[in-house]
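Residue numbers for the sequence shown follow my numbering, beginning at 2 and rising by one.
Structure first, then comments.
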Amino acid sequence: MGWFLVREICYFAPDTLTHREWRVASVLANDSDDETRVTRNSVVSPKIMGRAGIKTERRMLEAIATLKASKVIEQAEAGHNHRIAKFRFSVLAPSDWCPVHPDGHDESSPDGQSVGCRKTAPYEPGGALGA
2 MGWFLVREIC
12 YFAPDTLTHR
22 EWRVASVLAN
32 DSDDETRVTR
42 NSVVSPKIMG
52 RAGIKTERRM
62 LEAIATLKAS
72 KVIEQAEAGH
82 NHRIAKFRFS
92 VLAPSDWCPV
102 HPDGHDESSP
112 DGQSVGCRKT
122 APYEPGGALG
132 A
């Protein structure tokens, strides 16, 4: 579950996204792995489309195209020969942002970070899946 990705989408998604595109990004982020930032299931599966509130594949693919154009996601694997297309989320948050404490760290800790704080996963554009 990509709870940290969902939180990153909530805080740092581009303002140009419509409500439908933002909702698709949130549903796909929830379906993704936090470490690899890659989606797990098909974007046109009934489960994913139902969670996003989209009824047709065409509308879903339009939203995916807009997310790709907005640099929110990129295609990590093509979906052909009975394989599922995989999409990777771009890093939208600044490098010092913490998804555990999005509004700031606890000031009582000496180093400014609370126990269990986790920074966003490192990401290299064009990197191999699972690397």
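C-beta: ideal position from N, C-alpha, C; glycine also.
Keep in mind it's a predicted model, so treat the numbers as computed, not measured.
Looking at the strands, I want to know which residues DSSP matches up with Lys-72.
Numbered from 1 along the sequence shown, position 71 holds the residue referred to as residue 72. In the DSSP output, where bridge partners are listed per residue, Lys-72 has none listed.
Figure out for me which residue from Asn-31, Ser-46, Thr-37 and Ala-64 has the closest Cα to the Cα of Thr-17.
To locate residue 17, count along the sequence shown from 1; it is residue 16. Comparing Cα positions, the closest option is Ala-64.
Can you give the beta carbon distance from Val-39 to Ser-46, rounded, assuming they're within the 8 Å contact cut?
Working through the sequence shown from its first residue, we reach residue 39 at position 38. Working through the sequence shown from its first residue, we reach residue 46 at position 45. Incorrect: roughly 15 Å between the Cβ atoms, too far for contact.
Exposed unless 16 or more other CB atoms sit within 10 angstroms - verdict on Glu-58
Against the sequence shown, residue 58 aligns to sequence position 57. So Glu-58 ends up on the exposed side.
Is Trp-23 closer than 8 Å to Ala-14 when the C-beta atoms are compared?
Here residue 14 is taken as the residue at index 13 of the sequence shown, counted from 1. Here residue 23 is taken as the residue at index 22 of the sequence shown, counted from 1. The answer is yes: Cβ separation under 8 Å.
Identify the continuous alpha helix (DSSP H) that holds Lys-87 and give its terminal residues.
For the purposes of this step, residue 87 is taken as the residue at position 86 of the sequence shown. Segment 87-90 is the beta strand (DSSP E) holding Lys-87; no alpha helix (DSSP H) there.
Simplified DSSP assignment, three categories, for Val-39:
Position 38 of the sequence shown, counted from the first residue, corresponds to residue 39. In the displayed model, Val-39 falls within a strand according to three-state DSSP.
Mapping the DSSP letters down to three states, classify Ser-110 as helix, strand or coil.
Counting from one through the sequence shown, the residue named residue 110 turns up at place 109. With a pLDDT of 49 at Ser-110, under the threshold of 50, the modelled position of this residue cannot be trusted, and the question is left open.
Quick one: is Ala-53 buried, meaning 16 or more other Cβ sit within 10 Å of its Cβ, or exposed?
By one-based count along the sequence shown, residue 53 stands at place 52. By the Cβ neighbour-count rule, Ala-53 is buried, with 16 or more other Cβ atoms within 10 Å of its own.
Buried/exposed call for Glu-36, threshold 16 Cβ in 10 Å
Counting from 1 along the sequence shown, the entry for residue 36 is found at position 35. By the neighbour-count definition (other C-beta atoms within 10 Å, threshold 16), Glu-36 is an exposed residue.
Could you check what DSSP says for Trp-77 in three-state terms: helix, strand or coil?
Position 76 of the sequence shown, counting from 1, holds the residue named residue 77. The question names Trp, yet the displayed sequence has Ala at residue 77. Of the three classes helix, strand and coil, the one that applies to Ala-77 here is strand, per DSSP.
Would you report the Cα separation of Lys-87 and Ile-74, rounded to the nearest angstrom?
By 1-based counting over the sequence shown, the position of residue 87 is 86. By 1-based counting over the sequence shown, the position of residue 74 is 73. Straight-line Cα distance between these residues: approximately 10 Å.
Considering just the uninterrupted stretch of the alpha helix (DSSP H) at Trp-23, what are its terminal residues?
The count along the sequence shown starts at 1 and reaches residue 23 at position 22. Residues 20-32.
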